[in-house]
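Residue numbers (full-length UniProt numbering): 1 to 589.
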C-alpha cells in the first residue's frame, strides 16, 4: 500500500531585510496535460467507474466516467455550433451532475467557466453581487439548474442565452439535451495557458475579484498535491463533499482531485447547519469516504453527532485516509475530538490542513507529515516559494510559483497592485515558522493583517490566533466569535451560541447555568495569558451573520471587521463601564 505522505524537505533563507524565504527542495514534476486531459484519459481507462452521484429521493442518481465524457463532449459540440465556444459561461447552480457536465463541456469548448455562489442567487434579496459578477464577466451563456433560479435569472439574464438542466418557465431557455449535438467536429482541446475558470473571490477582505485560473494552474496544483500525498495516484479518492464549486476549495482543490486521480465524488446535500447536518450523517451511512474535506464550522457541527452515533462514526472512519480542514483556523479542541473519535474506531485517518487562496488554484502549503496540533498550516508544496515579509509587527505570507494567477478578468491593473518587487503575490495573511530552528515543522497561520488591531495600551491583538483559542475554551458552547476591543483596554467578543445551547438564553441574556459555563471558559482562557490573549467579556448575538451585508461569505467565513462595523452598538455595549445583563464578564478580571 502506498504511503500516505511524503517526508518534507524544506530549505530556509533569511535575507538582510528580515524577510524569510521558505521552499521545498523537491523538484516539481511537470504535469502531462490539463485536468480535462486527465478526465478524458480516465474516461477511456475506466468508463464504467462511478464519477459523481447526487441525492434523488431516498436513493442516488449517478453518472459514470464514460457517460460523463459522452455528455460533456456532446454539449461542447452544441456550444461550438451555437457560436459560444471560447466565451465565458456562468453557472448559477448548486453542486450537481448537470453542473459538472456544463463545467467539463466548457473546458472542451475552450470557454472559461464562471461559477457564481448559490447564495448570490438564492439567499440575496437584491441580487446586487450577482449582477456585479455578470457585469464583470459578461457571460455569453448562463446555466441555471432549474426553475428555483427564476428570480436570479430575472435579475441578470436579459439578453443572454439561458441553459438549464430541465425545462423552465424562463423565456427562451434551452436545456442541455436540446443544445447537445451527437457526432461532428469538436473544438480544439484547451491549451495549458488558456483560462479555465474565472473564479470570483469570496469578498471576505474586499469586493469580489474575477481571478483568472488557467488550465496550467489547476493541473500543476494537482501534481503538487500528488507528490506530497503519493497514495492519490494509486488509490482513487472517494469523497462525500458539500463544499460549493463556486469556491476554490470545493471547485478546484476537491473536484480537480477527483478528475485528476480517477476518483468518485458523492455530492453531500447536507451542510454544517443544524437543519442540514442530519443529511450529512444519513449520507455517511451510504458512503465511507477515503478523503474528507470540511471547514471548521462543519467539523463543529459533525463531531457532536458522531460522538452520539457510533455507527455513523464507524462508517466515517472505516476507509478514511485524510480528515482535512481549511478556510479558517481549527480550534485545538475540535482537532483532539476528531483524533479521539478516529482512535476509538481504530481508524488510520490523519488530520491535515493546507493554506491557499483563489489566486493560487488553491493549495500552496500542506501538512503532509504527522502532527498533533492544529497550529501548523504545513510546508510549501514543490514548486512554491513562500516569503515571510515584515509588515508592521507581523510577517506577511507572500507566494510565487506556477500555480499563481496571471491576473484578474477585466482588471489588468490589479496584478501589479498585489505583486511585490520580486514577483511574490501579497496575500494579506500573516504567518510564522512553527519552530524558527526547524523549518521542516512548517508554518503557522498568524491571522489576517487587516483584521488585527491594537488595544489602547499599544498591545497587538492577533484575531486569527485568539479566536480558535476562545472557541476551544468554550468547549462546544460557542459556534463562532468576533473578537473586539480596538483602542480599548481589554479584548472582548461577540459570540454565536452552538444551536444545542441556543435555548439557554433569552434575547441575548444567558440563563444562570450558561453564564456560569461561559465564565468558566473565560477563566480557563485567561490562565497564564497576557492581555492580548485573553477575553474579558462576551455578548451573545441572536441574529445570524448576513450575506448581503458582507458579514458572511458563502463558505461560512465571518468577516470580523465587517461585523464589528455593522454591529457597533453591541461592541459599545461590550465595553460599557457598567455592563448590562447581556454581558458575561470574566470573574478573575
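For glycine and all other residues, C-beta sits at the position ideal for the given N, C-alpha and C.
Could you have a look at residue i and say whether DSSP puts it in helix, strand or coil?
i           : result
residue 548 : coil
residue 506 : strand
residue 198 : strand
residue 469 : helix
residue 389 : strand
residue 578 : coil
residue 474 : coil
residue 359 : helix
residue 519 : helix
residue 120 : helix
residue 87  : coil
residue 135 : helix
residue 329 : coil
residue 40  : helix
residue 5   : coil
residue 234 : helix
residue 452 : coil
residue 164 : strand
residue 499 : helix
Taking the CB atoms as reference points, tell me whether residue i and residue j lie closer together than 8 angstroms.
i           : j           : result
residue 187 : residue 110 : yes
residue 479 : residue 297 : yes
residue 401 : residue 385 : yes
residue 281 : residue 312 : yes
residue 31  : residue 219 : yes
residue 397 : residue 341 : no
residue 494 : residue 567 : yes
residue 317 : residue 347 : yes
residue 294 : residue 325 : yes
By Cβ distance below 7 angstroms, which residues in the same chain neighbour residue i in space, the five residues on each side in sequence not counted?
i           : result
residue 409 : 136, 137, 198, 210, 212
residue 1   : Low local confidence applies: a pLDDT of 45 at residue 1 is under 50, so the model's placement there is unreliable, with the coordinate-based value given in what follows. Nothing meets the Cβ criterion.
residue 371 : none
Which residue wins for smallest C-alpha separation from residue i, given the options the options?
i           : options            : result
residue 48  : 181, 37, 444, 62   : 62
residue 545 : 338, 393, 577, 497 : 497
residue 238 : 83, 112, 322       : 322
residue 356 : 500, 102, 431, 169 : 431
residue 501 : 230, 263, 477      : 477
residue 173 : 191, 150, 194      : 150
residue 231 : 564, 328, 5, 541   : 5
residue 442 : 76, 459, 368       : 368
residue 353 : 34, 377, 361       : 377
residue 536 : 175, 290, 484, 73  : 484
residue 83  : 106, 68, 335       : 106
residue 618 : 93, 349, 572, 532  : Nothing about residue 618 can be read from this structure; the chain reaches only from 1 to 589.
Along the chain, where does the beta strand (DSSP E) containing residue i start, and where does it finish?
i           : result
residue 210 : 210-214
residue 12  : 10-14
residue 112 : Note, residue 112: premise wrong, no beta strand (DSSP E); not H, not E.
residue 394 : 394-400
residue 74  : Premise fails: residue 74 lies in the alpha helix (DSSP H), 65-81, not in any beta strand (DSSP E).
Between which two residues does the alpha helix (DSSP H) containing residue i stretch?
i           : result
residue 599 : An answer regarding residue 599 cannot be provided, because it is not within the stretch 1 to 589 covered by the chain.
residue 277 : 277-284
residue 561 : 560-566
residue 150 : 150-156
residue 418 : 414-418
residue 605 : The requested residue 605 is not part of the displayed model; the chain covers only 1 to 589.
residue 260 : 255-261
For the ligand HEM, is there a heavy atom less than 7 angstroms away from the beta-carbon of residue i?
i           : result
residue 515 : Within the structure as shown, the ligand HEM is missing, as the structure has no ligands at all.
Could you pull out every residue in the same chain whose Cβ sits closer than 8 angstroms to the Cβ of residue i, ignoring the five residues on either side in sequence?
i           : result
residue 439 : 10, 11, 12, 22, 379, 433
Counting only the same chain and skipping the five closest in sequence on each side, list residues whose C-beta sits under 6 angstroms from that of residue i.
i           : result
residue 66  : 43, 47
residue 236 : 261, 262, 263
residue 100 : 52
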